[in-house]
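Take a look at the structure set out below.
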Amino acid sequence: MLPQGDPAPGASPDRPAYVEGVHLQRTDENVREIAALSAVLGEPTGLDGLMADLKYQARRSRLPARLLGRAVSDAYTWNSYDQRDQNWYPQGVSTSADASDTEDIEGRKVLVTTWYSSGKDGVKRGSRVTFLDLETLKYRHVLLVNPLFDKKGTLQLRPMNIHAGGIVWAGGYLHIAATKRGFVTARVDDIMRVIGDDDHPDELGFDGQRVSSYGHRYVLPVRFTYKAFTDDGHEELRYSFLSLDRRSDPPALLAGEYNTGTSPNRLARYQLDPATWQLQTGDDGFSRPLEVDEGGVVQMQGAALAGGRYHVTVSHGPFMPGTIYAGSSGKLKPKRLALPMGPEDLAYWPSTDRLWSLTEHPRRRWIVSMKRSAFD
């Protein structure tokens, strides 16, 4: 590994050496704001309530998997509307294998993805998450919201305006990439149902009586943000995508940055507390990376550690198939034509030894799985 900066002093066998230069600091929880939203909408339905009310139907791809990419084993598509929608673009992916030791949620194997709003119709709707049951292929979108109080103490709802390029489902929490801001965190138990909002696709807010949520029947308030900071003399880290290294001891969150040209293409590992699935923090309240690796590649869209090696997706636009790079730091080798055009984030499912990714471009949107051994 090639760390950027110097290890933090005071390292010991019980206290690993962290890397100086960049760090994250968690904000206060939006406890009062979320409680106020719950008082309006009723008790949260949580993930159980959402999974009992999945609405849309995905399907297996009609195109043979190998025609979509040389490494693709299985491929799925969204329903026809989400497949072509230009107002929402899929980005991040994580799974119940990240969330649970048993790799399922109450017996269901589940994918969660992120989407960002393009604003092409003139309305910027922020970002959302989508839960998909891998057995039934039914799914439902959940709008991410930022509840807050105005100067008069009135509850307001704001969209979560982040690119949401990656997601980690760790325990009961979703960590969602927010680029230069760091990442935001929501709790799946906070999922709430909005009555009748399917009729108001262009509105968000609370008018004192009714909550509107851009046509989403469910909302998920963000609890806190891990804000990104950079020390003097160092280059800021962009949190473009995220994945979970569940097999390390202790588990770690892997963050990476999308850049072009001569800009850095780094991968950073942060230690997670397995009891809380939050970042470990020092006495100063900061979370510093265990390492910052400069051995990435240009235009990384997602990365996962599996089998002791990095696996990195690279997109070549809406018309050229995607590439996966695999190997050790600084020695990543490409497998070209491995993926459909426009691949994004990447997640690893240990028991099946499979990598999962998804693609973003309208009419070229797939969710795919690949055998990790294809990149050995």
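Under this note's numbering, the first residue of the sequence shown carries the number 1, and numbering increases by one thereafter. The C-beta atom is built at its ideal place from N, Cα and C for all residues, glycine as well. The model shown is predicted, which means the values in this text are computed figures rather than measured ones.
Spatial neighbours of residue i in its chain, beta-carbon cut-off 6 Å, leaving aside the 5 residues before and after
i    : result
D6   : With a pLDDT of only 46 at D6, under 50, the local geometry of the prediction cannot be trusted, and the value read off the model is given with reservation. For D6, where only same-chain residues beyond five positions count, the Cβ hits under 6 Å are E20.
R26  : F224, Y226
F241 : G165, G166, A177, G256, G302, D345
T230 : V22, E236
T378 : Residue 378 lies beyond the stretch modelled for the chain, which goes from 1 to 376, so this question has no answer here.
S206 : In the sequence as presented, Ser is not what sits at residue 206; that position holds Phe. Counting only Cβ-Cβ distances below 6 Å, and skipping sequence neighbours, we find L155, L157.
E203 : S212
For residue i, three-class secondary structure by DSSP
i    : result
D6   : Note that D6 has pLDDT 46, beneath the 50 cutoff, so the model's placement of it is unreliable and no number is given.
Q156 : strand
Y56  : strand
I367 : strand
E291 : strand
E360 : coil
I34  : helix
Y258 : coil
Q83  : helix
R70  : coil
R26  : strand
D48  : helix
R193 : strand
L41  : helix
P13  : Per-residue confidence for P13 stands at a pLDDT of 45, beneath the threshold of 50, marking its modelled position as unreliable; no derived number is given.
Residues of its chain near residue i, where Cβ-Cβ distance is below 8 Å and the 5 sequence neighbours each way are ignored
i    : result
R238 : T179, K180, E257, Y258, N259
P3   : Legend: pLDDT at P3 = 39, less than 50; position of this residue unreliable, value from coordinates given subsequently. Around P3: V19, E291, V292, D293.
A58  : Y76, T77, W78, N79, L132, L137, K138, Y139, I367
S12  : Residue placement at S12 is poorly supported in this model, since its pLDDT is 44, which falls under 50; the coordinates are not used for a value here.
G327 : R309, Y310, K333
P201 : Y214, G215
D199 : G215
Close Cβ partners of residue i (< 7 Å) along its chain, the five nearest in sequence each way excluded
i    : result
L148 : E33, Q156, R158
M320 : M341
G296 : G256, N265, R266, L267, V312
M370 : A71, V72, S73, R354, L355
L134 : K109, V110, L111
A65  : V72, S73, D74, A75
D376 : none
Q299 : Y258, T260, V314, S315
V219 : V142, L143, V145, M192, V194, S213
S357 : V93, G302, T313, L339, P343, E344, D345, L346, V368
S248 : none
P318 : M341, G342, H361, R364
In DSSP terms, what residue i is bridged to
i    : result
D198 : Looking at the DSSP assignment, D198 forms no beta bridge with any residue, so it has no partner.
P340 : According to DSSP, P340 bridges with nothing at all.
G182 : K227
A326 : H311, K333
P321 : M341
H163 : None; H163 has no bridge partner.
H175 : V168, T185
S243 : L254
Q299 : For Q299, which the question treats as bridged, DSSP gives no partner whatsoever.
Q209 : None, per the DSSP bridge assignment.
V222 : A186
T352 : Bridge partners of T352: none, in fact.
F269 : In the sequence as displayed, the identity of residue 269 is Arg instead of Phe. Per DSSP, L254, E291.
Q278 : D273
F286 : Q25
A65  : Looking at the DSSP assignment, A65 forms no beta bridge with any residue, so it has no partner.
Y214 : DSSP output for Y214 lists no bridge partner at all.
A304 : H311
L237 : None, per the DSSP bridge assignment.
For residue j and residue i, believed in contact at Cβ under 8 Å, the rounded distance
i    : j    : result
G126 : T113 : Between T113 and G126 the Cβ distance is about 15 Å, and since that is not below 8 Å, they are no contact.
Y270 : S287 : 6 Å
I191 : G46  : 6 Å
N161 : K124 : 7 Å
V222 : L144 : 6 Å
G69  : L337 : 6 Å
H163 : Y116 : 5 Å
G171 : A99  : 6 Å
P350 : A97  : 6 Å
A252 : L24  : That belief does not hold up - the Cβ atoms of A252 and L24 are roughly 13 Å apart, past 8 Å.
G82  : Y56  : It is worth fixing the name first, because residue 82 is Asp in this sequence and not Gly. Correct: roughly 7 Å between the Cβ atoms.
K335 : T323 : 7 Å
R372 : G307 : 6 Å
R364 : P90  : That belief does not hold up - the Cβ atoms of R364 and P90 are roughly 11 Å apart, past 8 Å.
Check: residue i C-beta below 6 Å from any heavy atom of the ligand SAM
i    : result
L237 : Ligands displayed in this structure: none; no statement on the ligand SAM is therefore possible.
Jot down the residue ranges of each uninterrupted beta strand (DSSP E) in the segment 86-150, minimum 3 residues, whole runs only, in chain order. As far as the segment 86-150 is concerned, its whole beta strand (DSSP E) runs of at least 3 residues are 88-95, 110-117, 127-133, 138-149.
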